[in-house]
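Numbering-wise, the numbering used here comes out as the position in the sequence shown, counting from 1, plus 1.
From the three backbone atoms N, C-alpha and C, an ideal C-beta is built for every residue, glycine too.
Owing to the predicted nature of the structure, the values given are computational and were not obtained by experimental measurement.
Below is one structure, written out as structure tokens, with a few remarks after it.
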Amino acid sequence: MFRKRQGRLLPLAVVTLISMPAVMADEPELKLPATALPATSQPVTDVRAPESGTAGVAEPNFRLLRIAENLEQMVASGVIPAQFEEEDLFGAPSEAVGQQGLQPIDAGPSGGLESFDAGEFSEEFGFGDWSLISRPALSTDTSSLVDSASFIEDLEQVQGTSEVGLSEAPAVDIVTAQQFNLTTTPDIAETLVANPTTQTIRARQRSQVGFDPRIRGFYTGQVYTGHDGSYQFPVRSDLDGVFSKIDQSLIGNMQVYSGPYTVRYGSGFSFLNVDTIPAPRYQCGWENHVRLGTNVRTNGGQTYNTMTLFGGGESLGYFANVGYRKGSDYAAGDGLLVPSSYDAFNLFTGIGYDIDRQTRSELRYTHIDQDNTEYAGQFFDVDDLKSDGLTHSLVHRDDRAGFGYRIDSWANYTTFNGDTANGSKRRVDFPVLQRVDDALAEIGRPINTGPSPTPVVAAPGQEFFGTVDGDLISAGMRAGFTQELDRDRTVGAGVDFRYVRQEIDESFDLSDFTDNIGNPLDNFNTGLPAAEVFEPGLYTEYSFRPRPFLSTAVGARVSLAYTEADERDVALDRSNFRDPFTNEINQDLDVSDVLSAFFITNDIDLAPAWKARIGFGYAERLPNLEQRYSDGLFLAIIQSGFSRVIGNPTLSKERNWQVDGRINMEHDYLRARLSAFHSWIVDYITYEANVGDDPQGARLLRAMNTEYATLTGFEYYCEADLVDGWQVFGSLAYLDGRDREIDQPLAGINPLEGRAGLRLIDTSPRNAWGVEWGLRMVDNQDRLATLREVAPATGVVELETATPGFTTSYIRGYFRPAGNVNITMGAENLFDNNYYEHLNLRLPPEGRFGQTAVLSPGLTPYFGVEVDY
2 MFRKRQGRLL PLAVVTLISM PAVMADEPEL KLPATALPAT SQPVTDVRAP
52 ESGTAGVAEP NFRLLRIAEN LEQMVASGVI PAQFEEEDLF GAPSEAVGQQ
102 GLQPIDAGPS GGLESFDAGE FSEEFGFGDW SLISRPALST DTSSLVDSAS
152 FIEDLEQVQG TSEVGLSEAP AVDIVTAQQF NLTTTPDIAE TLVANPTTQT
202 IRARQRSQVG FDPRIRGFYT GQVYTGHDGS YQFPVRSDLD GVFSKIDQSL
252 IGNMQVYSGP YTVRYGSGFS FLNVDTIPAP RYQCGWENHV RLGTNVRTNG
302 GQTYNTMTLF GGGESLGYFA NVGYRKGSDY AAGDGLLVPS SYDAFNLFTG
352 IGYDIDRQTR SELRYTHIDQ DNTEYAGQFF DVDDLKSDGL THSLVHRDDR
402 AGFGYRIDSW ANYTTFNGDT ANGSKRRVDF PVLQRVDDAL AEIGRPINTG
452 PSPTPVVAAP GQEFFGTVDG DLISAGMRAG FTQELDRDRT VGAGVDFRYV
502 RQEIDESFDL SDFTDNIGNP LDNFNTGLPA AEVFEPGLYT EYSFRPRPFL
552 STAVGARVSL AYTEADERDV ALDRSNFRDP FTNEINQDLD VSDVLSAFFI
602 TNDIDLAPAW KARIGFGYAE RLPNLEQRYS DGLFLAIIQS GFSRVIGNPT
652 LSKERNWQVD GRINMEHDYL RARLSAFHSW IVDYITYEAN VGDDPQGARL
702 LRAMNTEYAT LTGFEYYCEA DLVDGWQVFG SLAYLDGRDR EIDQPLAGIN
752 PLEGRAGLRL IDTSPRNAWG VEWGLRMVDN QDRLATLREV APATGVVELE
802 TATPGFTTSY IRGYFRPAGN VNITMGAENL FDNNYYEHLN LRLPPEGRFG
852 QTAVLSPGLT PYFGVEVDY
């Protein structure tokens, strides 16, 4: 795969010859990498003038013209040399001509993927021909490809995503658009989890459109999530999915930083950023196109229909995408219908304008309207959620000067409301809120009746009712630049500002229940008072090559963070932030912090087929607003859906020290990588817990800092090309998290997981079809989260229940009958196994109720068609 340089060198050479005398000299030797010539290319012929044995005088050579002719020949064949060397006319040591004016051009991804070649990029790939970037493809090992400096540079050129950051030793994994278009899901976090090569990402499924992504055990808040440069955070962490608002067909790529190895986004311990495709441009005049797509998942009757209008001219482009997603309850492996209905409409539009040949502007607007979304195993469902977002990017890139800058600004507003009224909350075969009804009915049992020989059961129609609503505003800007000092050194710097405002209100009506003397129980309110975050910051980055075999990148940032809650919005009764006797605020709700971060990564060429990466990073993170200011919110943030959270405004910032190591091996037909990490997190934010006996499984959680915690794990991936078009692969991932102060496991830690599978792909230039079959094998998890009891108690309480191991199988593939038609199909859980993930919500057995667990979907065939006109 090679990148073509635009323009022609021959006219430049002719003009230069007119203005300077001809030079007689030996022709310089053109040195190209062995992989730089296509298989069909002919060897570069020796263009030196033949020596004349009789004349004794060599014929004059116009050496600059011949250099241009040779370069012209190679450009025509799609190849441009990374550099060529020449002998100095006066006998001085040779030097690289590229250092005198030619920008370094990498030949692009090379061998090792012979039977899985993705083909050659079009010059307008990503700007003009959207059908190329949206083609589905199997997720082969691209570790030596997509996280390399050359690929990031190609990605910026090809997709128009000029990231202001380093191109040397980037500690990032990039998930390309083709992988998202292979298995269209209601939430792209599900696609990331299903991808066998993104081993560091797992997710808790809250609904079909509400996946909560985790990276190596880091959770929401510790994971910084972004979309086209904007900061994204759920309006409520258990009732909103950050990435469900994005249409997969518009994704250009996703960057995954599995540690504190970037400083350009903001404060966090790991990072997920999605870049959508920029508005298209066309060099041959104005064009208009339409793309129609439909996707069906039969389990739950899920449908996803999209239409995209796009077009443009040489310097102006536009797109407008509308999508409609709808689904009902899916069937688990045992036939149980799990509440999971949803109804969502999305609108995504954008316009791009080239201010000049080096500067462009991209403006995007997003609207989501989500209704009747069920969240199994939790208190609330969402009746209505609306989100509007506006982002703008100004991108400048001067390849000749090696200078670029990018300015992003954004504003997002999300509002929602929900309640407990849905009938699925009290189904006989999926009991959730009946447990609460029975517990409230137990309160009304008269004192003089003594212990009841049988559990008290709420009378028919005797139900509590709860409502919830809230909103979130996220706004900010980021401006940064990079400057290539020379071939081996790059410097970058920037400033950013982030503002978040969040508010949640809960109300509970208990009028159907009485106390033990017959008085009606009081209604009550809980919530998150209106709270805000202000965080301005600045960063700098530098990359260099201290040795030919070593690439190093360093970065640092500092920010000032300020959080506050509005005292006027704190409840006047039953608030944890007011004195019970004076009703005055008893805690300081305004908190300031200084946050810092730095990293160093080193990429080492060990041998022709072996590379290593060693990284060390440090980052500080602000507690999120829910952790600081929740005033008794019923948040399903642990394995039990019945958890009530009390925040702590005095929480200290978390500090993460992390070290990573990775080895990549890439032979002609065998590729493998092994990575490992260890994190020391000082002042890790966890919870004290009280166990509620009625209803069983209920937890009262109070936020706190533990002295320090650790996260440790490894990931291994290997694949081999058997014969032309056939490939086998396997992977293994392990994670351990532990609260070192009490020497107990942390919550939300995934068990050991392995995968194995087989791929078959069309190796013709059309790459018209591909099939992948795989097994996912997950060990049982008996390292169960354990928390301290709320003071003054000094014991510990086990927070999770064990999860049995399971094995599932899947098949997926694609077919392209024409250049403008993509067909995808497959099936998840081929053998209809009955299982649930360790992160899935569940309620333990209690009284007349057995365990209520959010089982994973059973056999789920799917089919999709996308057509461009």
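I'd like to know whether the C-beta atoms of R700 and A690 end up nearer to each other than 7 Å. Yes, the Cβ-Cβ distance between R700 and A690 is below 7 Å.
For the candidate residues V210, N768, L840 and R756, whose alpha-carbon lies nearest to that of Q782? Scanning V210, N768, L840 and R756 for the CA closest to the CA of Q782 turns up L840.
Rounded C-alpha distance that separates S576 from H228: Looking at the two C-alpha atoms, the distance is approximately 36 Å.
Could you tell me which of Y343, P846 and L636 sits nearest to D239, measuring between CA atoms? Closest by alpha carbon: L636.
Grouping DSSP H, G and I as helix and E and B as strand, with all else coil, what is R656? The answer is strand: DSSP assigns R656 an E or B state.
Using CA coordinates, which residue listed in D357, R672, A554 and P766 is at the minimum distance from P609? Answer by Cα proximity: R672.
Keeping to the same chain, check which residues put their C-beta closer than 6 Å to that of T468; ignore five residues upstream and five downstream. D420 and S508.
Within this structure, are the beta carbons of N274 and Q249 separated by less than 7 Å? Contact flag unset, no.
Please return the same chain residues whose Cβ sits closer than 8 Å to the Cβ of I448, not counting the five positions on each side in sequence. Cβ within range, chain order: N517 and I518.
I'd like to check one pair, V210 with Y343: are the Cβ atoms closer than 7 Å? Closer than 7 Å, so yes.
How big is the Cα-Cα spacing for F816 and R136? Going by the C-alpha atoms only, they are around 10 Å apart.
Tell me whether the beta-carbon of R446 lies closer than 7 Å to the beta-carbon of Q435. No, they are not a contact pair.
Alpha carbon to alpha carbon, how far is P432 from L728? Give it in angstroms, no decimals. Residue 728 is actually Gln in this sequence, not Leu. The C-alpha of P432 is placed about 46 Å away from the C-alpha of Q728.
Count Cβ pairs between the segment 756-771 and the segment 789-807 that sit closer than 8 Å; are there 3 or more? Because the criterion of three Cβ pairs below 8 Å is not met, the segment 756-771 and the segment 789-807 do not touch.
Return the chain-ordered list of same chain residues with a C-beta closer than 6 Å to the C-beta of F599, the five sequence neighbours on each side being excluded. Taken in chain order, the residues that qualify are A557 and Y619.
Are the segment 187-203 and the segment 592-606 touching, with three or more C-beta to C-beta distances below 8 Å? Counting Cβ pairs under 8 Å, fewer than three are found: no touch.
Can you tell me whether Q405 is buried or exposed, with buried defined as 16 or more other CB within 10 angstroms of its CB? One point to set straight first is that residue 405 is Gly, not Gln, in the sequence displayed. Buried: at least 16 other Cβ atoms inside 10 Å.
Which whole runs of the beta strand (DSSP E) in the segment 231-304 are 3 residues long or more, in chain order? Inside the segment 231-304, DSSP marks whole beta strand (DSSP E) runs of 3 or more residues at positions 231-233, 252-258, 271-277 and 288-298, from first to last along the chain.
CA-CA distance, G633 and R265? Spanning the alpha carbons of G633 and R265 requires a straight line of approximately 35 Å.
Is the separation between the beta-carbon of L596 and that of E565 shorter than 7 Å? Taking the C-beta atoms as reference points, E565 is found no nearer than 7 Å to L596.
Does DSSP classify A769 as helix, strand or coil? In this structure, A769 counts as coil in the three-state DSSP scheme.
Would DSSP call F465 helix, strand or coil? In the structure shown, F465 falls within a coil segment according to DSSP collapsed to helix, strand and coil.
Taking DSSP's pairing of strands, which residues face I202 in a bridge? BP columns for I202 point to I216.
Going by the beta-carbon positions, is the gap between I278 and F244 smaller than 7 Å? No, these two residues do not count as a Cβ contact at 7 Å.
With a threshold of 16 other CB atoms inside 10 Å of the CB of I356, please say whether the residue is buried or exposed. By the 10 Å Cβ count, I356 comes out exposed.
Excluding the five sequence neighbours on either side, which residues of its own chain have a C-beta within less than 7 Å of the C-beta of F219, listed in chain order? Cβ within range, chain order: F270 and S271.
For a quick check, are the C-beta atoms of Q628 and I686 less than 7 Å apart? Cβ atoms of Q628 and I686: closer than 7 Å.
Identified DSSP bridge partners for D420: For D420, the beta-bridge partners assigned by DSSP are D382 and T468.
For the segment 713-723 against the segment 817-832, are there 3 or more C-beta pairs whose distance is under 8 Å? In the pairwise beta carbon analysis, the segment 713-723 is classified as not touching the segment 817-832: fewer than three pairs are separated by under 8 Å.
Can you list, in chain order, the residues of its chain whose CB lies under 8 Å from that of A93, leaving out five sequence neighbours each side? Any reading at A93 needs caution, since the residue's pLDDT is 35, under 50, leaving its predicted position unreliable; the model's value is listed next. Nothing meets the Cβ criterion.
Can you give the Cα-Cα distance for N834 and L856, rounded to whole angstroms? Between N834 and L856, the C-alpha separation is close to 10 Å.
Tell me the rounded alpha-carbon separation between T263 and L395. T263 and L395: Cα-Cα distance of roughly 21 Å.
Continuous alpha helix (DSSP H) assignments of at least 4 residues falling wholly in the segment 597-664: Within the segment 597-664, the alpha helix (DSSP H) runs of at least 4 residues that lie entirely inside it are, in chain order, 626-630.
Whole angstroms are fine: how far does the CA of T192 sit from the CA of Y875? Residue numbering for the chain in the displayed model covers 2 to 870; residue 875 lies beyond these limits and cannot be assessed.
Which one or two residues does DSSP pair with R207 in a beta bridge? Beta-bridge pairing links R207 to no other residue.
Extent of the continuous alpha helix (DSSP H) run through T192: Per DSSP, T192 belongs to the alpha helix (DSSP H) from I189 to A195.
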